[in-house]
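Enquirer: Numbering (my numbering), first residue to last: 769 to 980.
Ideal Cβ positions, reconstructed from N, Cα and C, are used throughout, including at glycine.
1) Under 7 Å Cβ to Cβ from residue 745, same chain only, skipping five residues before and after it: list those, please.
2) Taking the continuous alpha helix (DSSP H) assigned at residue 901, which residues delimit it?
3) Which stretch, first to last residue, makes up the alpha helix (DSSP H) that contains residue 854?
4) Among 882, 913 and 964, which one has its Cα closest to the Cα of residue 931?
5) For residue 832, is the classification buried or exposed, using 16 other Cβ atoms within 10 angstroms of its Cβ as the cut-off for buried?
6) Hey, out of 864, 860, 878 and 914, whose CA is closest to residue 946's CA?
7) What residue range is occupied by the uninterrupted alpha helix (DSSP H) comprising residue 924?
8) Whose CA, out of 910, 907, 921 and 875, lies closest to the CA of residue 897?
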């Protein structure tokens with residue numbers, strides 16, 4: 769008796785193809801996911817960089833200085849002082865902001881903090897010497913009755929600008945306090961010659977001459 773045996777071939781080829789196809793699909797999917805994640809990360813990084821850049825820029829010193837000048841003109845001393853200190857502490861400010869220093873020192877003086885005002889002006893003098901800064905320092909020392917330092921600062925201002933009428937005016941007052949009448953008269957002549965316009969200062973000089 770002869771028996772016929774039928775051989776059945778397993779469908780391994782199709783399974784293998786399906787497996788390879790599935791693996792390829794999964795790889796492509798993972799690749800897309802990584803690419804999307806990378807793109808999102810890059811976008812977040814760019815946004816963060818932009819945010820950091822905005823933070824680094826900070827307020828413009830010129831705007832703060834102008835705001836301080838306006839507030840000072842409106843007699844809002846504390847608010848003006850805050851704006852000026854923000855300018856002084858700004859990292860991107862220029863060196864020659866002597867008007868900010870002068871106004872800020874004037875405010876401190878009016879608020880009764882003369883020692884801090886003098887310290888601020890002397891710091892400014894080290895950074896950028898101007899006759900106006902030295903004059904401000906001399907005037908503050910004079911009103912503190914520190915005549916020695918007042919004389920030194922006023923003389924430095926005079927060396928920077930010998931046509932500064934108010935410097936000559938305060939040198940007049942200083943010499944009168946030191947009982948140097950002849951020097952006081954010479955300084956007053958220079959003050960008038962330089963065009964002294966400060967009426968209050970001139971009146972103080974006249975009264976001081978009467979008492980001398």
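Expert: For this structure:
1) The question about residue 745 has no answer, for the chain in this structure spans 769 to 980.
2) Within the chain shown, the letter at position 133 stands for residue 901. 899-911 is the extent of the alpha helix (DSSP H) around residue 901.
3) The residue you call residue 854 lines up with position 86 of the chain shown. Residue range 845-857 is occupied by the alpha helix (DSSP H) that includes residue 854.
4) Position 163 of the chain shown, counted from the start, is the residue given in the question as residue 931. Checking every option, the nearest Cα to that of residue 931 belongs to 964.
5) Within the chain shown, the letter at position 64 stands for residue 832. By the neighbour-count criterion, in which a residue is buried when 16 or more other Cβ atoms sit within 10 angstroms of its Cβ, residue 832 is buried.
6) For the purposes of this step, residue 946 is taken as the residue at position 178 of the chain shown. Cα-wise, what sits closest to residue 946 is 914.
7) To locate residue 924, count along the chain shown from 1; it is residue 156. Where residue 924 is concerned, the enclosing alpha helix (DSSP H) starts and stops at 915-928.
8) Here residue 897 is taken as the residue at index 129 of the chain shown, counted from 1. Answer by Cα proximity: 921.
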